Amino acid sequence: MNIPYVVNMTKIDAKVKVISLKSSLDSDTAEEMVDSRKVKFFQTLLHKPKKSEVHLHSLTLHYEAILILSGKYSVDFIRDAEHTLSVDKDVQEVIISDEVFSVKKKHGVLSKLEPSFKNKIKIQMQERVMLEHTSDLSFDHHGKEMNLSYNDTLKLLEKHAKKTINDDKDSIRRPEITIDAAKSKLISKLKKPADSGIKSSEETIEFRDILEVYVPIYEARLIGPKKRIKILRIDAIRKKFL
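Heads up, the sequence shown is in our numbering, so the first residue is 51 and it goes up one at a time.
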């Protein structure tokens, strides 16, 4: 029986949750951290500048977006398959639903070495398979994929205080990747395990959660010897240099 290739997809969407984390680092402490690291930032194998040669031009706090998407892919599909059935040595044919399957003939020297108490019959059939696969993706504000899992993000959000960002006062770096583009990338990742030999399928894509998290980042603009400019970044949640 030939079944035409048919795909029916259902999408279950989720609303984007916008969350902003409160900085754990004040500007004075951030400036002290920069001062302790600035010389090393310009140091080379051949030259270590004096502390007085490196100047802090500016120190600003930005809120950078991270997108985290979590989803589940469910598929109910039919695919072609071949199975080998072992039967007694005196069986020549097997009849299934009016279809006749003959015993596989043995040829060559190696066939004489095989056990003679069973015959084998290859049966072409179709299988109905049901799969579920969950996964997540995260992107920095440039749209580059990050190694940050959905579960780790939830733990981060539980630990740290939230704030409301002010579009007029706060420096906000919104996602450069659209939500639709991020969804498409997650769908591609979710569907990979089932993408082989499918004749027809019923698919469901469920976006379980979409988080747009704004993380406070201090950026220090430093001017060193020969007026070289470098940017030093500090994670204002973990109080660590990036």
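Here a beta-carbon is modelled for each residue, glycine too, at the ideal position from N, C-alpha and C.
The structure presented is a predicted model; accordingly, all values stated were derived computationally and were not measured.
Ranked by Cα distance from Thr184, the first of Glu208, Arg258, His112 is Arg258. By the neighbour-count criterion, in which a residue is buried when 16 or more other Cβ atoms sit within 10 angstroms of its Cβ, Val104 is buried. Its chain contains Asp186, Leu187, Ala232, Lys233, Leu236, Phe257, Ile260 as the residues whose beta carbon lies nearer than 7 Å to that of Leu119, once the 5 sequence neighbours on both sides are disregarded; these appear in chain order. Ile284 counts as buried, since no fewer than 16 other beta carbons sit within 10 angstroms of its beta carbon. Arg129 is positioned such that its CB atom lies no closer than 8 Å to that of Phe291. In the DSSP assignment, Arg87 falls within the alpha helix (DSSP H) that extends over 77-92. In the three-state reduction of the DSSP assignment, Lys100 falls in the coil class, being assigned neither a helical nor a strand state.
When secondary structure is reduced to three states using DSSP, Ile237 falls in the helix class. Judged by DSSP secondary structure, Asn169 falls within the beta strand (DSSP E) whose first and last residues are 168-189. The straight-line gap separating the alpha-carbon atoms of His107 and Leu272 is approximately 6 Å. DSSP places Asn201 within a helical segment (H, G or I) once states are collapsed to three. Shortest Cα-Cα distance from Met175 to any of Asn197, Lys168, Leu135, Asp202 involves Leu135. Leaving aside the five residues that flank Val66 on each side, the residues in its chain whose CB is nearer than 7 Å to its CB run, in chain order, Ile229, Ile260, Glu262. The bridge partners DSSP lists for Asp130 are Gln176. Taking 8 Å as the upper bound for CB-CB distance, Leu111 and Pro266 are in contact here, some 6 Å apart.
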